[in-house]
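Numbering (this note's numbering), first residue to last: 76 to 502. Ideal Cβ placement from N, Cα and C applies to all residues, glycine included. None of the values given here were measured: they were computed from a predicted structure. Scroll down for the structure; my scribbles are underneath it.
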Amino acid sequence: MATGRLPESGSHAPQTQPPQQRARASTGEIFISFRLRDFRYLTLSTLAAGFAQWAKQLALFALVYEMTGSAVQLGAVAAFRGGVGTLIAPYGGYLSDRFPRRRIIVASTLLDATMAASLAALVLLDLAHVWHVYLIAFGGGLAQSINQPARQAFVYDVTTDETLPNAVAVNSMVQNVSRVLGPSGFGIMMAAWGVASALVMLVALQVAATIATLRISHTTRQVRVTTVSPWRMIGQGFAYSWADKRILGLLIITMIPSLLIYPYIPFLKIVSEEVLHRGNAGFGMLSSMMGWGSLLGLFSLAYLGSARHRGWLMIGCYLAYAVILIGFSTSSTYVLSLAILATGGIFHSVATALQSTLLHQVTRNEMRGRVMAVNQMTSGIQAIGSFPMAFAISAWGAQKGIGAFMVAATICFLAFMLTWTPVRRIQ
């Protein structure tokens, strides 16, 4: 294992060249990034952490719904968790550019595992209350806001410019393996042995993620910024993201699903219970179907390599995703609902993988952690959309409430496609 100190820089590190484009990959090159030892360990860590996050999400949502039976409480827990992440993410970006990202990932993962173990003990002892769920949601949002900017930037650190597009697609593919198997598996587990079983498994998975991360080399191509104050570094991250209209556009297009689409995920519990009548097992299956489609989409993206007109392709896939989910909101048939979600997953996975690749491509190395933190903030604003969707579902029912938000998302994607030229021009 390589050892040594990470390279450091002041506030004006040299600009790195964007990753080189690759020709279409042969079948043997679909997983070319796995030739890199550190990326293999990062992939194992990401896989375990992905399963852990699904265990936590399903356990928290199932627990609060069983305690309260309230759509508003479901939305509040999601909003609380995401809101914390949005507020803390800029500081997480500072930590990611200031300190070794490997250490940050390990520390935040262990923090998350400790909190999950505490909640598991409370549930097993029948001492859990609603405020405990909010407390764990707060702590989980805090840990994730520190972990995710570092983990996203770490993909760049442990790869090369030539393998980066493939690594982003493979990394997303691995995350979707957990999305495919995690929700259905944990849903069945909770149906058989209760919510505590998912929380216990969560702790074990976080420990596994920590062990895999510790196997990554100390030396990567991270460029640390050590001569600037924390607040100035955070301010530089926002200013840089605002000044580059390509980065700004890539952040804005991520905000649209965060506000208008992703808030529907916890309400799949209500769709399963009240529309499809499938309980926790159905909740898990619905949550996993996007992942099945995502695997197909990401496998195709990894095979194709660096597609042309990636800005246009990304926007088009986001638009198709929203339109397909309008169809989901009208379905009252279990099998049809599963098929629609799987189809949506194909387009969603390609869109998000391209967004991540393009964001890495246009971002300077010494700003990478802070830009990833701003990107994390745009994902965290899901909290803002959770409450309005919760009230819409309470007033109109799950199908009409979700459908209204999907129509709004479709309109926003169309407006972005027509107005944001810098992103459309990215090749």
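> The alpha helix (DSSP H) with S406 in it runs from where to where?
Replying inline: Segment: none, S406 is in no alpha helix (DSSP H) and carries neither H nor E.
> Helix, strand or coil for A196 per DSSP?
Replying inline: helix
>> I need the straight-line Cα distance from Q451 to G260, nearest angstrom please.
In response: 27 Å
> Is the region 183-194 in contact with the region 269-286, if contact means three or more CB pairs nearer than 8 Å?
Replying inline: yes
> Does DSSP put V270 in a helix, a strand or coil?
Replying inline: helix
>> Restricting to Cα atoms, I'd like to know which of G144, L202, L162 and R226 is closest to P175.
In response: R226
> For the alpha helix (DSSP H) that N222 lies in, which residues bound it at each end?
Replying inline: V205 to D232
> Quick one: what does DSSP say V346 is sitting in, helix, strand or coil?
Replying inline: helix
> Could you give the C-beta distance for S183 and I221, rounded to a whole number, given that I count them as a contact under 8 Å?
Replying inline: 4 Å
> If you draw a straight line from the alpha carbon of L433 to that of A356, how long is it in whole angstroms?
Replying inline: 37 Å
> What is the DSSP secondary structure of R445, counted as helix, strand or coil?
Replying inline: helix
>> S292 and D113 - do their beta-carbons sit closer together than 9 Å?
In response: yes
>> Give me, in chain order, the residues of the same chain whose beta-carbon lies closer than 8 Å to that of A377; leave out the 5 immediate sequence neighbours on both sides.
In response: A100, I105, F106, N241, A244, V245 and M248
>> Going by DSSP in three states, V298 sits in which element: helix, strand or coil?
In response: coil
> How big is the Cα-Cα spacing for M389 and I401?
Replying inline: 19 Å
>> Rounded to whole angstroms, what is the Cα-Cα separation between S316 and M464?
In response: 29 Å
>> With a threshold of 8 Å on Cβ separation, who are the neighbours of V152 within its own chain once the five nearest residues in sequence on each side are excluded?
In response: L135, F136, V139, V208, Y209, A212 and P341
> Buried or exposed: W495, going by 16 or more other Cβ atoms within 10 Å of its Cβ?
Replying inline: buried
>> Check for me: the alpha helix (DSSP H) holding V152 runs from which residue to which?
In response: A146 to R173
> For V410, is the classification buried or exposed, using 16 other Cβ atoms within 10 angstroms of its Cβ as the cut-off for buried?
Replying inline: exposed
> Using the C-alpha atoms, what's the distance from H384 back to R500?
Replying inline: 7 Å
>> Whole angstroms are fine: how far does the CA of A196 sit from the CA of V346?
In response: 29 Å
>> Taking 8 Å as the cut-off, does the region 122-133 touch the region 352-366 (at least 3 CB pairs, one atom from each stretch)?
In response: yes
> Where do the ends of the alpha helix (DSSP H) carrying L133 lie?
Replying inline: R112 to T143
> How would you write the range of the alpha helix (DSSP H) that F488 sits in, first residue to last?
Replying inline: A473 to T494
> When you compare only the Cα positions, how much space is there between T418 and Y337?
Replying inline: 16 Å
> Which class does T288 belong to by DSSP, given the choice of helix, strand or coil?
Replying inline: helix
>> Three Cβ pairs or more, each shorter than 8 Å: is that satisfied between the region 147-166 and the region 455-474?
In response: yes
> From F403 to I486, what distance separates their C-alpha atoms?
Replying inline: 17 Å
>> Classify S304: buried if its beta carbon has 16 or more other beta carbons within 10 angstroms, exposed otherwise.
In response: exposed
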